[in-house]
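Under the numbering used here, think of the first position of the sequence shown as 22, with each following residue one higher. The beta carbon of each residue, even a glycine, is placed where N, CA and C say it ideally should be.
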Amino acid sequence: MHGKDNMRTGGEILVDQLVIHGVRHAFCVPGESYLAALDAFYDRDIKLTVCRHESGAAIAAEAIGKATGRPGICFVTRGPGATNASAGIHIAKQDSTPLIVFVGQVARAMRGREAFQELDYRAVFGTMAKWATEIDDPARIPEIVSHAFHMACNGRPGPVVIALPEDMLIERAAVADASAFEPVEIWPGLTDMSRLQKLLWAAKKPIVLAGGSRWTEAASAALMRFAERFQLPVSTTFRRQHLFDSLHPCYAGDCGIGPNPKLLARIKGADLVLLIGGRMSEMPSQSYTLFDIPEPQMKLVHVHPGAEELGRVYHPHLAINAAPTGFCSALEGLQPPNDIPWKGEADTAHADYLAWTETATKVPGAVNLGEIVVWLRDNLPDDAIITNGAGNFNGWLHRFFRARKFGTQFGPTSGSMGYGFPAALGLKTLYPERTVVCWSGDGDFLMTGQDFATAVQYNLPIIVVVADNGAYGTIRMHQERDYPGRVVATALKNPDFVAYALAFGGYGALVEKTADFPAAFAQAQATGKPSILHLKTDPEAITPTTTLTAIREKALAGGGKSGTHR
Ligand SMILES: Cc1ncc(C[n+]2csc(CCOP(=O)(O)OP(=O)(O)O)c2C)c(N)n1
Ligand SMILES: [Mg+2]
């Protein structure tokens, strides 16, 4: 580590800081721009996974950030490496995930000449990342890396990008290490909690919405205890179902895309909404229609770790600047009213949820994704992880899967296609003993599917389910709705995904009938290899409740947006 003169290269100082801050895993695509940092991994105790595309490396790291609440770590090269990684950076921004992306940079003396692959990272990531910076002096690495860990985790978490000039990484410096960082808890004040107590005592029809980041298993358990004591219905926001046990008697269902209409009515009809951790952004707010803006029609208590988020869209009746962790433990101090006016509401909400999710709907075609999700929910262990990207195939997962434990659902609230597979890669690296299933679409999987090679290389037996309807189905659905019958750029000619899996050294099976899924899944598990289950679905089955033809006919009857059909 240290030479005789106590000097280390910038690369060595950098990787030493990561070890000190508790990093166990990092993901990269190598580049000559940061060779000295790569070299430092050679004899340090961090597992470095080399990926096939920087979006895969950045997303795998983001998933680790989501799972642990500590920054996921990714290294990419300058220029194209950084722009390829931007998918993961944007996801971390919208999902409020701590992530640090280290980017190689041209040598200091060449900056500003548009040298080979040179970019100004502060400008490029200035609005996408929470902080983008560059390290000019190896002696400042401990300070800046410590700052980056704090910045990524504190308040509303997010991505940090740090550019590393090539010659800075080679320069030697004598500098003391920083000490290990810990995310700073944000507790609600006593006044906040007593005001909340009063609001709850005055409420007739309250509901809780849980979302965002900065949750832990303990916070989720504390929220469940609070809900039980107060008999409060609790809903989770888009892709945050794992924050509350779906079979808990207070669970009211998820407020995402295509939610239970009864849940929407319940939220709209509430006189008090306690929103914990979420931003109530476009998807959960049903395109900003659920709450009036800026003054919600009900009393809104907004609890968020980022002070800047409070009052940004909605003017809350009570704004509480706290992280879900600190806030949920403070909930233990609140007392329910003696005679709960909304008694029975949680039970009804939960019954509505169970009825909405119990049985798969009938859809055209021999493979019913709903029935497959029901099989997974009945057969996977409670701690199994399911990842997903973006596409209509998720409609079945979000409706019929019932998350039982915190930290089991990993989906991008940013709706980024291609998220599921690299996220699974990151999570299987972190939790090799847990079952990890990637639920994907044909378009979705091939956005990042080249990293199937990485799963094979590192022996990560992830099970990928590819729902192949031969289409960018979501966009086709919107097309039929707005421009009925005018199909442009949404049909896909797909590879044989079984042959794809085999060619990479994994296992693959074709599933052409729902009933064949359990055996294919069991066989995939038995092989112990990364696997792809190729499900042939009918493109007509566009959502759990409607078909492409029905959407087109409705649009034709009503007149779409296209001039031809007006
Ligand atoms: C990176 C990215 N590019 C494009 C989109 C727009 N988009 C949303 S869903 C979708 C189609 C998804 O296709 P597929 O994975 O096959 O799922 P399907 O909708 O057919 O079930 C597209 C192109 C997106 N969300 N993310
Ligand atoms: Mg598709």
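**Study point:** Distance CB(I41)-CB(E83) smaller than 8 Å
**Key:** Taking the sequence shown and counting its residues from 1, the one referred to as residue 41 is at position 20. Taking the sequence shown and counting its residues from 1, the one referred to as residue 83 is at position 62. No, the pair does not count as a contact, with Cβ atoms beyond the cut-off.
Review point. How about F414: is its Cβ closer than 7 Å to a heavy atom in ligand 1?
Key: As a working note, residue 414 is residue 393 in the sequence shown. Correct: F414 has its Cβ closer than 7 Å to ligand 1.
Review point. Does any residue of chain C bring its CB to less than 8 Å from the CB of V127?
Key: Of the chains in the structure shown, none is chain C; there is only one protein chain.
**Study point:** Exposed unless 16 or more other CB atoms sit within 10 angstroms - verdict on H499
**Key:** As a position in the sequence shown, residue 499 is number 478, starting the count at 1. Exposed.
Exercise for review: With V457 as the anchor, note down where its alpha helix (DSSP H) starts and where it stops.
Suggested key: In the sequence shown, residue 457 corresponds to position 436, counting from 1. That residue, V457, is in no alpha helix (DSSP H); its beta strand (DSSP E) goes 457–462.
Check your understanding: Would you say G439 touches ligand 1, meaning its beta carbon is less than 7 Å from a heavy atom?
Key -> As a working mapping, residue 439 is identified with position 418 in the sequence shown. Indeed, a heavy atom of ligand 1 lies less than 7 Å from the Cβ.
Practice item. Using alpha carbons as the reference points, say which of A248, L295, A372, L285 lies closest to S308. Key: The count along the sequence shown starts at 1 and reaches residue 308 at position 287. Here the closest residue by C-alpha is L285.
Practice item. With DSSP as the reference, label Q138 as helix, strand or coil. Key: As a first step, residue 138 is located in the sequence shown; it is residue number 117 there, counting from the start. In this structure, Q138 counts as coil in the three-state DSSP scheme.
**Study point:** For A184, the three-state DSSP class (helix, strand or coil)
**Key:** As a working mapping, residue 184 is identified with position 163 in the sequence shown. A184 falls in the strand class under three-state DSSP.
Point to revise | Check: N342 C-beta below 7 Å from any heavy atom of ligand 2 | key: Position 321 of the sequence shown holds residue 342. Remark: the C-beta of N342 is outside contact range of ligand 2, defined as less than 7 Å to any heavy atom.
Check your understanding: So what's T567 in DSSP terms, helix, strand or just coil?
Key -> One-based indexing of the sequence shown puts residue 567 at position 546. Residue state, collapsed to three classes: coil.
Practice item. Would you decide whether K151 is buried or exposed? Buried here means 16 or more other CB atoms lie within 10 Å of its CB. Key: Here residue 151 refers to the residue found at position 130 when the sequence shown is read from its first residue. Classification for K151: buried.
Check your understanding: Mind checking T380: buried by the 16 CB within 10 Å criterion, or exposed?
Key -> Residue mapping note: residue 380 aligns to position 359 of the sequence shown, counting from 1. Result: exposed.
Point to revise | Nearest neighbour of F96, chosen from Q471, D360, R65, V71 [CA to CA] | key: Counting from one through the sequence shown, the residue named residue 96 turns up at place 75. With distances taken between Cα atoms, F96 lies closest to V71.
Practice item. Please say whether Y374 and A536 have beta carbons closer to each other than 8 Å? Key: As a first step, residue 536 is located in the sequence shown; it is residue number 515 there, counting from the start. As a first step, residue 374 is located in the sequence shown; it is residue number 353 there, counting from the start. Result no, Cβ atoms of A536 and Y374 do not sit closer than 8 Å.
**Study point:** Per-residue DSSP class, three states only, for D489
**Key:** As a first step, residue 489 is located in the sequence shown; it is residue number 468 there, counting from the start. Reduced to three states, the DSSP call for D489 is strand.
Check your understanding: Is the number of C-beta pairs between the region 311–324 and the region 288–302 that are closer than 8 Å three or more?
Key -> By the Cβ criterion, the region 311–324 is in contact with the region 288–302, since at least three pairs of Cβ atoms, one from each stretch, lie closer than 8 Å.
Point to revise | Cβ shell of G584 (< 6 Å), same chain only, five flanking positions each side left out | key: Looking up residue 584 in the sequence shown gives position 563. In this prediction, G584 scores a pLDDT of 39, lower than 50, which makes its location untrustworthy; the coordinate-derived value is nonetheless stated afterwards. Cβ within range, chain order: n/a, list empty.
Exercise for review: Report the three-state DSSP secondary structure of W417 (helix, strand or coil).
Suggested key: The residue labelled residue 417 in the question sits at position 396 within the sequence shown. For W417, the secondary structure class from DSSP, reduced to helix, strand or coil, is helix.
Practice item. Could you tell me which of D399, E238, I121 sits nearest to I183, measuring between CA atoms? Key: Numbered from 1 along the sequence shown, position 162 holds the residue referred to as residue 183. Nearest C-alpha to I183: I121.
Exercise for review: Taking 8 Å as the cut-off, decide whether the C-beta atoms of P565 and W417 are in contact.
Suggested key: Locating residue 565 in the sequence shown gives position 544, counting from the first residue. Locating residue 417 in the sequence shown gives position 396, counting from the first residue. Judged by their CB atoms, P565 and W417 are nearer to each other than the 8 Å cut-off.
**Study point:** Assigned exposure category for R587 - 16 Cβ within 10 Å defines buried
**Key:** On the sequence shown, position 566 is the one that residue 587 refers to. The pLDDT assigned to R587 is 28, lower than 50, so where the model puts this residue is not dependable; a value taken from the coordinates is nonetheless given after this. R587 should be labelled exposed.
Exercise for review: Kindly identify the DSSP beta-bridge partner or partners of L230.
Suggested key: Numbered from its first residue, the sequence shown carries residue 230 at position 209. Residue pairing by DSSP puts L230 in a beta bridge opposite S256, L296.
Practice item. Name the one or two DSSP bridge partners that N342 has. Key: Working through the sequence shown from its first residue, we reach residue 342 at position 321. According to DSSP, which records beta bridges pairwise, N342 is partnered with H325.
Check your understanding: For T585, which three-state DSSP category applies?
Key -> Within the sequence shown, residue 585 is the residue found at index 564, counting from 1. For T585, the pLDDT reaches just 38, beneath the cut-off of 50, and the residue's location in the model is therefore unreliable, leaving the point undetermined.
Check your understanding: Between V477 and G529, is the Cβ-Cβ spacing less than 8 Å?
Key -> In the sequence shown, residue 477 corresponds to position 456, counting from 1. In the sequence shown, residue 529 corresponds to position 508, counting from 1. Not closer than 8 Å, so no.
Review point. Name the DSSP bridge partner or partners of S552?
Key: The sequence position of residue 552 within the sequence shown is 531, counting from 1. Answer is I484, Y528.
Practice item. Check whether the Cβ of N490 sits closer than 7 Å to any heavy atom of ligand 2, and report yes or no. Key: Reading the sequence shown from its first residue, position 469 is the one you call residue 490. At least one heavy atom of ligand 2 is nearer than 7 Å to the Cβ of N490, so yes.
Review point. With distances taken between CB atoms, is the gap from F259 to G277 smaller than 8 Å?
Key: One-based indexing of the sequence shown puts residue 259 at position 238. One-based indexing of the sequence shown puts residue 277 at position 256. Cβ atoms of F259 and G277: closer than 8 Å.
Exercise for review: Identify which residue in S437, N389, Q430, F251 has its Cα closest to the Cα of A411.
Suggested key: Stepping through the sequence shown from its first residue, residue 411 is reached at position 390. The shortest Cα separation from A411 among S437, N389, Q430, F251 belongs to S437.
**Study point:** Cutoff 6 Å; reference R333; Cβ partners in own chain excluding five residues on either side
**Key:** In the sequence shown, residue 333 corresponds to position 312, counting from 1. No residues qualify anywhere along the chain.
Practice item. Give the straight-line distance between the Cα atoms of P178 and V124, rounded to the nearest whole angstrom. Key: In the sequence shown, the residue the question calls residue 178 occupies position 157. In the sequence shown, the residue the question calls residue 124 occupies position 103. Those two C-alpha atoms are separated by around 20 Å.
Point to revise | Buried versus exposed, by CB contacts within 10 Å (16 or more), K225 | key: By one-based count along the sequence shown, residue 225 stands at place 204. Result: exposed.
Review point. At which residues does the beta strand (DSSP E) containing Y272 begin and terminate?
Key: The residue you call residue 272 lines up with position 251 of the sequence shown. Element bounds for Y272: 272–276.
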